[in-house]
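Colleague: Here the protein sequences come in this chain order: S and C. In terms of this note's numbering, the numbers along the first sequence are unbroken and rise by one, the last being 103. In terms of this note's numbering, the numbers along the second sequence are unbroken and rise by one, the last being 1167. Don't be surprised by glycine CBs; every beta carbon is placed ideally from N, CA and C. Input: one structure, supplied below.
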Amino acid sequence: MTGAIPISWYLVLSAILFGLGVIAFVFKRNVITVFMSIELMLNAVNLAFVAFARAHDQLDGLVFVFFVIVVAAAEAAVGLAIVIMLAQNRQSLNVERVNLLKL
Amino acid sequence: MIPLILFILCAALAIAGAIVLIWAHEPIHSALALILVMVALAILYLLLGAPFISAVQIIVYAGAIMVLFVFVIMLLNFGLEERTNFSKLAIPGALLAVVLMAEIAHWLAHSSIGRAMANGPAAPATEASTVELSKMLFRQYLFPFEATSILILIAILGALVLARKES
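If you want it as structure tokens, here you go:
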């Protein structure tokens, strides 16, 4: 099924998505969107893992993707709880307003 | 031929979704664009012969995690993203991202592994069987697997402690 497509195309796509994630991370001002760009970067890394697993015909890469997804789920739960706390304390989601640990 | 068209379509969808994520003013639009990226990546995983990872991507990422994001966006409902002067780190950061992409392209073009991968076609298409994957997960990687369950328990406790009302 993979036949014609070289693995490097997947790696280039992964690099482009990771770069766009980094750009989103530094340019976005909303805490939630910054958090979403982290998820985008994790997805780009997952794509590279699956592509390398295919290239070397080993399943270890897929197991790693599985663990990355589990850790991302835990991270999303804790991170969004922190976002809710921030929104309650600052009445704003702008990252520039989050420059102190304590009000 | 069909895999090639599917790859180009999904790659274009993923990149378009990522660009919409950057351009959108409303957080909810960014979230929907990110879901688009994740669905496109799930199709790419199918193309790479990893049906289990593809299903997990849809169920856990597009299903659970993004629902959590959309739920929080709608719960807080702060509307449009504030457009302030962006931080001074943004320009060097974006430059670094471009340098990173150039570096990976250079590596693909010049190192021996990169060249082998860039020129040779993908490994013969044998689907990674879910049976083999689960055997590996529950034998070789049993300890990390159990450790993630503790991690999730701690995450649940952390979310509860953080989100509770101060009294």
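Candidates S/Ile69, S/Val45, S/Ile16 and S/Gly19: which alpha carbon is nearest C/Ser1149's?
Modeller: Residue numbering aside, residue 1149 of chain C sits at position 149 when the second sequence is read from its first letter. Among S/Ile69, S/Val45, S/Ile16 and S/Gly19, the Cα nearest to that of C/Ser1149 belongs to S/Ile69.
Colleague: I'd like to know whether the C-beta of S/Leu13 is nearer than 7 angstroms to at least one C-beta of chain C.
Modeller: Here residue 13 of chain S corresponds to residue number 13 of the first sequence, with the count starting at 1. Taking Cβ atoms only, chain C reaches closer than 7 angstroms to S/Leu13, which makes this a yes.
Colleague: DSSP puts S/Asn30 in a beta bridge; with which residues?
Modeller: Position 30 of the first sequence holds residue 30 of chain S. For S/Asn30, which the question treats as bridged, DSSP gives the partners S/Asn94.
Colleague: Near C/Leu1046, what residues of its chain come up, given a Cβ to Cβ distance below 6 angstroms and the 5 sequence neighbours on each side ignored?
Modeller: For the purposes of this step, residue 1046 of chain C is taken as residue 46 along the second sequence, with counting starting at 1. For C/Leu1046, where only same-chain residues beyond five positions count, the Cβ hits under 6 angstroms are Ser1054.
Colleague: Would you give the residue range spanned by the alpha helix (DSSP H) that C/Tyr1045 belongs to?
Modeller: By one-based count along the second sequence, residue 1045 of chain C stands at place 45. Looking at the DSSP string, the run of the alpha helix (DSSP H) that includes C/Tyr1045 is Pro1027 to Leu1047.
Colleague: Which residues in chain S have a C-beta closer than 7 angstroms to the C-beta of C/Met1101? List them in chain order.
Modeller: For the purposes of this step, residue 1101 of chain C is taken as residue 101 along the second sequence, with counting starting at 1. Per Cβ cutoff of 7 angstroms: Ala15, Ile16 and Gly19.
Colleague: Where does the unbroken alpha helix (DSSP H) through C/Ser1134 begin, and where does it stop?
Modeller: Sequence index remark: in the second sequence, residue 1134 of chain C carries index 134 (1-based). Counting along the chain, the alpha helix (DSSP H) containing C/Ser1134 begins and ends at Thr1130 to Phe1138.
Colleague: Between which two residues does the alpha helix (DSSP H) holding C/Pro1003 run?
Modeller: Position 3 of the second sequence, counting from 1, holds the residue named residue 1003 of chain C. Its alpha helix (DSSP H) spans residues Ile1002 to Trp1023.
Colleague: With distances taken between CB atoms, is the gap from S/Ala76 to S/Ile7 smaller than 7 angstroms?
Modeller: As a working mapping, residue 76 of chain S is identified with position 76 in the first sequence. As a working mapping, residue 7 of chain S is identified with position 7 in the first sequence. Not a contact, by the Cβ cut-off of 7 angstroms.
Colleague: Would DSSP call C/Glu1061 helix, strand or coil?
Modeller: The residue labelled residue 1061 of chain C in the question sits at position 61 within the second sequence. The amino acid occupying residue 1061 of chain C in the given sequence is Tyr; Glu does not appear at that position. Correct three-state label for C/Tyr1061: helix.
Colleague: Can you tell me which of the three DSSP states S/Pro6 falls into?
Modeller: The residue labelled residue 6 of chain S in the question sits at position 6 within the first sequence. Looking at S/Pro6 - three-state DSSP - the assignment turns out to be coil, as it is neither helix nor strand.
Colleague: Alpha carbon to alpha carbon, how far is S/Val31 from S/Leu100?
Modeller: Translated into the one-based positions of the first sequence, residue 31 of chain S becomes position 31. Translated into the one-based positions of the first sequence, residue 100 of chain S becomes position 100. Their Cα atoms are separated by approximately 15 angstroms.
Colleague: Assuming C/Gly1093 and S/Val26 form a contact by the criterion Cβ under 8 angstroms, report the distance between their Cβ atoms to the nearest whole angstrom.
Modeller: On the second sequence, position 93 is the one that residue 1093 of chain C refers to. On the first sequence, position 26 is the one that residue 26 of chain S refers to. That belief holds up - the Cβ atoms of C/Gly1093 and S/Val26 are roughly 3 angstroms apart, short of 8 angstroms.
Colleague: Cβ of C/Ala1170 within 7 angstroms of Cβ of S/Ile23?
Modeller: Since the first residue shown for chain C is 1001 and the last is 1167, residue 1170 of chain C is missing from the structure and cannot be characterised.
Colleague: Can you tell me the Cβ-Cβ gap for C/Leu1021 and C/Met1066, rounded? I've got them flagged as a contact below 8 angstroms.
Modeller: Here residue 1021 of chain C corresponds to residue number 21 of the second sequence, with the count starting at 1. Here residue 1066 of chain C corresponds to residue number 66 of the second sequence, with the count starting at 1. Incorrect: roughly 12 angstroms between the Cβ atoms, too far for contact.
Colleague: In whole angstroms, what separates the C-alpha of C/Leu1009 from that of C/Gln1057?
Modeller: Position 9 of the second sequence, counted from the first residue, corresponds to residue 1009 of chain C. Position 57 of the second sequence, counted from the first residue, corresponds to residue 1057 of chain C. Using only the alpha carbons, I get a separation of about 18 angstroms.
Colleague: Rounding to the nearest angstrom, what Cα-Cα distance links S/Phe49 and S/Ala15 in this structure?
Modeller: One-based indexing of the first sequence puts residue 49 of chain S at position 49. One-based indexing of the first sequence puts residue 15 of chain S at position 15. Looking at the two C-alpha atoms, the distance is approximately 12 angstroms.
Colleague: Please tell me whether S/Leu101 has its Cβ less than 7 angstroms away from any Cβ of chain C.
Modeller: One-based indexing of the first sequence puts residue 101 of chain S at position 101. Judged by the 7 angstroms Cβ criterion, S/Leu101 is not in contact with chain C.
Colleague: Against C/Glu1132, what residues of chain S qualify as contacts under a CB-to-CB distance less than 9 angstroms, listed in chain order?
Modeller: Your numbering for residue 1132 of chain C matches position 132 in the second sequence. Residues of chain S passing the Cβ test: Leu59.
Colleague: What does the alpha-carbon distance come out to for the pair S/Leu20 and C/Glu1146?
Modeller: Locating residue 20 of chain S in the first sequence gives position 20, counting from the first residue. Locating residue 1146 of chain C in the second sequence gives position 146, counting from the first residue. Each residue's alpha carbon lies about 34 angstroms from the other.
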